[in-house]
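Visitor:
Protein chains: 2
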Amino acid sequence: MATMGRPRVSSQAVLEEAATELFLEQGYQATSIDDIASRAGVSRATFFNYFGGKADVLLVEIDRALDAFGQAVRATGDIAAAIVSVASSITRSDIPLLAQQADTMGATDDVTKALLERFSRLKDHVAGSVTEPVWQWAVAGAIAEGASRWATDRDGGSLLEAITDAVNQLPPEFTQKPDQ
Amino acid sequence: MATMGRPRVSSQAVLEEAATELFLEQGYQATSIDDIASRAGVSRATFFNYFGGKADVLLVEIDRALDAFGQAVRATGDIAAAIVSVASSITRSDIPLLAQQADTMGATDDVTKALLERFSRLKDHVAGSVTEPVWQWAVAGAIAEGASRWATDRDGGSLLEAITDAVNQLPPEFTQKPDQ
DNA sequence: AGACAAAATAGACTGAGTCTAAAAACTAAG
DNA sequence: CTTAGTTTTTAGACTCAGTCTATTTTGTCT
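As you go down the protein sequences, you meet chains A and B in turn. Take the first sequence: its position 126, counted from the start at 1, is 126 in the numbering used here, and no numbers get skipped. Take the second sequence: its position 128, counted from the start at 1, is 308 in the numbering used here, and no numbers get skipped.
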């Protein structure tokens with residue numbers, strides 16, 4: 001039945017590498033999608049087969065983590081468990097040049113906007129377990145703050161520790177499982 | 181000494197009115213900035229003299245409120261007082277067709293993005309009084325949630341009541357003044 | 001009348017994002 | 001080995017946002 005069709009010529013990883021090179025060379029703003037596609041040896045249209053836009057290239061890992069988090073919350077309904085599950089599988093080596101050198105690249109408010117979108121998605125995922133909207137904001141904010149600190153302060157502990165510390169600044173009932 | 185230069189031909193209010201008409205007629209997406217400028221009897225370039233983009237037209241009142249809020253926080257350092265000061269001066273008549281009919285206009289995620297930007301600014305303003313970042317997220321989220329509920333549920337109470345209710349779902353120490 | 005100031009405008013330009021149709025590259029049969 | 005089917009890549013056109021520069025308009029002041 002199969003027939004696989006034309007094999008892929010590129011990948012998210014290849015484009016990510018090309019983009020990161022250019023971001024470090026020229027800065028984020030000065031790099032167009034055409035530039036990235038050229039460097040990756042691929043057409044501009046192909047770039048859009050792999051990414052929705054320029055900022056998405058910088059946030060691949062975040063998106064992967066968000067997807068996993070949403071899936072975990074939907075599966076278990078337990079925020080704390082989902083945090084442990086996702087955060088403990090992420091180490092500093094998973095963010096090669098992303099947030100680490102984000103300012104070196106001249107991260108514009110384009111990136112800031114994209115990050116806010118991710119926060120919004122995070123809050124939606126949190127809503128799968130935390131019913132009260134005001135608490136959703138607080139919990140999502142704590143997670144985002146923990147992750148941000150971890151990414152910024154280079155010599156801190158693990159991501160899980162950072163997020164746990166941040167979430168623990170909230171009242172415990174905010175993150176309790178709805179059932180039981 | 182003065183010499184005032186050429187008098188203004190348009191205003192935010194005029195452009196806002198023209199834009200709102202078109203949004204209701206054609207929907208938000210289908211309306212270009214050219215359309216708005218034409219309807220207002222002004223050139224496209226002039227539109228950008230009054231607004232930064234299409235979404236900004238929908239959020240004039242929010243921006244005004246945010247500016248006032250930021251000013252109040254900077255002046256007094258008291259979140260609760262700033263909320264009272266700003267929120268009590270805003271009534272339903274101040275949002276003519278904005279959030280009320282936002283879905284009628286087919287509010288895209290363009291508007292959602294713009295709203296997230298506003299939330300980010302709100303959080304920055306909150307930071308003027310709340311030092312702990314995790315609490316900043318919670319407080320800003322509560323304010324946003326209260327305002328959102330007020331704008332959505334038509335027959336509720338005042339904006340101040342809605343925001344106060346939302347903020348009161350947080351521990352009181354989150355919003356206490358830093359000094360004293 | 002002439003200098004000055006501020007706003008409006010024309011118009012060009014870059015780049016993002018979308019879309020369509022066609023070409024390319026591979027697999028599985030016949 | 002040829003053909004049909006499938007998927008990706010690609011070329012290219014198109015709309016629109018946003019920025020920028022230079023020019024024109026319209027007022028006030030001297």
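The C-beta atom is built at its ideal place from N, Cα and C for all residues, glycine as well.
Between the segment 255-266 of chain B and the segment 223-237 of chain B, are three or more C-beta pairs nearer than 8 Å?
Guide: Contact between the segment 255-266 of chain B and the segment 223-237 of chain B is absent, because fewer than three Cβ pairs lie under 8 Å.
Visitor: Give me the chain B residues within the contact set of residue 113 of chain A, using Cβ-Cβ distance strictly less than 8 Å, ordered along the chain.
Guide: Indexing the first sequence from 1 puts residue 113 of chain A at position 113. Within 8 Å Cβ-Cβ: 293, 296 and 297.
Visitor: Between residue 226 of chain B and residue 191 of chain B, how many whole angstroms is the CB-CB distance? I'm expecting something under 8 Å.
Guide: Locating residue 226 of chain B in the second sequence gives position 46, where the first residue counts as 1. Locating residue 191 of chain B in the second sequence gives position 11, where the first residue counts as 1. Not confirmed; about 11 Å, so no contact.
Visitor: Figure out for me which residue from B:188, B:288, B:239 and B:250 has the closest Cα to the Cα of residue 320 of chain B.
Guide: Here residue 320 of chain B corresponds to residue number 140 of the second sequence, with the count starting at 1. Ranking B:188, B:288, B:239 and B:250 by Cα distance to residue 320 of chain B puts B:250 first.
Visitor: So, helix, strand or coil for residue 292 of chain B, using DSSP?
Guide: On the second sequence, residue 292 of chain B is found 112 positions in, with the first residue counted as 1. Helix at residue 292 of chain B.
Visitor: Hey, how far is the Cα of residue 367 of chain B from the Cα of residue 220 of chain B?
Guide: This structure gives no information on residue 367 of chain B, because the portion of chain B shown stretches from 181 to 360.
Visitor: Quick test of your reading: residue 137 of chain A and residue 317 of chain B, contact by CB under 8 Å. State the CB separation rounded to the nearest angstrom.
Guide: For the purposes of this step, residue 137 of chain A is identified with residue 137 of the first sequence, where counting begins at 1. For the purposes of this step, residue 317 of chain B is identified with residue 137 of the second sequence, where counting begins at 1. About 7 Å; that satisfies the 8 Å criterion.
Visitor: For residue 162 of chain A, tell me which candidate among A:144, A:36 and A:175 has the shortest Cα-Cα distance.
Guide: Counting from one through the first sequence, the residue named residue 162 of chain A turns up at place 162. Out of A:144, A:36 and A:175, A:144 has the C-alpha closest to the C-alpha of residue 162 of chain A.
Visitor: Could you list the residues in the segment 11-44 of chain A with a C-beta less than 7 Å from some C-beta on chain B, going in chain order?
Guide: If the cut-off is 7 Å between Cβ atoms, the segment 11-44 of chain A has nothing near chain B.
Visitor: If I'm right that residue 205 of chain B touches residue 237 of chain B with Cβ under 8 Å, what's the distance once you round it to whole angstroms?
Guide: Your numbering for residue 205 of chain B matches position 25 in the second sequence. Your numbering for residue 237 of chain B matches position 57 in the second sequence. About 15 Å separates the two Cβ atoms, so there is no contact after all.
Visitor: Between residue 248 of chain B and residue 339 of chain B, which are expected to be in contact by the criterion C-beta below 8 Å, what is the C-beta distance as a whole number of angstroms?
Guide: If you number the second sequence from 1, residue 248 of chain B lands on position 68. If you number the second sequence from 1, residue 339 of chain B lands on position 159. Actually they do not touch by this definition, with Cβ atoms about 13 Å apart.
Visitor: Select from the segment 306-322 of chain B all residues with a C-beta closer than 8 Å to any C-beta belonging to chain A, and list them in chain order.
Guide: Within the segment 306-322 of chain B, the qualifying residues are 312, 313, 314, 315, 316, 317, 318, 320, 321 and 322.
Visitor: Could you check what DSSP says for residue 50 of chain A in three-state terms: helix, strand or coil?
Guide: Residue numbering aside, residue 50 of chain A sits at position 50 when the first sequence is read from its first letter. If DSSP states are grouped into helix, strand and coil, residue 50 of chain A belongs with the helices.
Visitor: Going by other Cβ atoms of all chains shown within 10 Å of its Cβ, with 16 needed for buried, is residue 175 of chain A buried or exposed?
Guide: To locate residue 175 of chain A, count along the first sequence from 1; it is residue 175. Flag for residue 175 of chain A reads buried.
Visitor: Leaving out five residues on either side along the sequence, give the residues of the same chain with a beta carbon under 6 Å from the beta carbon of residue 305 of chain B.
Guide: Indexing the second sequence from 1 puts residue 305 of chain B at position 125. Excluding residues within five positions, the ones whose Cβ falls inside 6 Å are 249, 250 and 253.
Visitor: Just tell me which of A:148, A:155, A:133 and A:168 has its CA closest to the CA of residue 346 of chain B.
Guide: On the second sequence, position 166 is the one that residue 346 of chain B refers to. The candidate whose alpha carbon is nearest that of residue 346 of chain B is A:133.
Visitor: Among the residues of its own chain, which have a CB less than 8 Å from the CB of residue 263 of chain B, if the five just before and after it don't count?
Guide: Working through the second sequence from its first residue, we reach residue 263 of chain B at position 83. Excluding sequence neighbours, residue 263 of chain B sits near 249, 323, 340, 343, 344 and 347.
Visitor: Tell me which same chain residues have a C-beta within less than 8 Å of the C-beta of residue 156 of chain A, skipping the five on either side of it?
Guide: Here residue 156 of chain A corresponds to residue number 156 of the first sequence, with the count starting at 1. Around residue 156 of chain A: 149, 150 and 162.
Visitor: Would you please verify whether the beta carbon of residue 350 of chain B is less than 8 Å from any beta carbon of chain A?
Guide: Reading the second sequence from its first residue, position 170 is the one you call residue 350 of chain B. Yes - at least one Cβ of chain A is within 8 Å of the one on residue 350 of chain B.
Visitor: Mind listing the chain B neighbours of residue 120 of chain A? Cutoff is C-beta to C-beta under 8 Å, in chain order.
Guide: Reading the first sequence from its first residue, position 120 is the one you call residue 120 of chain A. Residues of chain B passing the Cβ test: 292 and 296.
Visitor: Between the alpha carbons of residue 187 of chain B and residue 218 of chain B, how many angstroms are there, rounded?
Guide: Taking the first residue of the second sequence as position 1, residue 187 of chain B is located at position 7. Taking the first residue of the second sequence as position 1, residue 218 of chain B is located at position 38. Rounded to the nearest angstrom, the two C-alpha atoms are 20 Å apart.
Visitor: If we count the other Cβ atoms within 10 Å of its Cβ and call it buried at 16 or more, is residue 332 of chain B buried or exposed?
Guide: Residue mapping note: residue 332 of chain B aligns to position 152 of the second sequence, counting from 1. Residue 332 of chain B should be labelled exposed.
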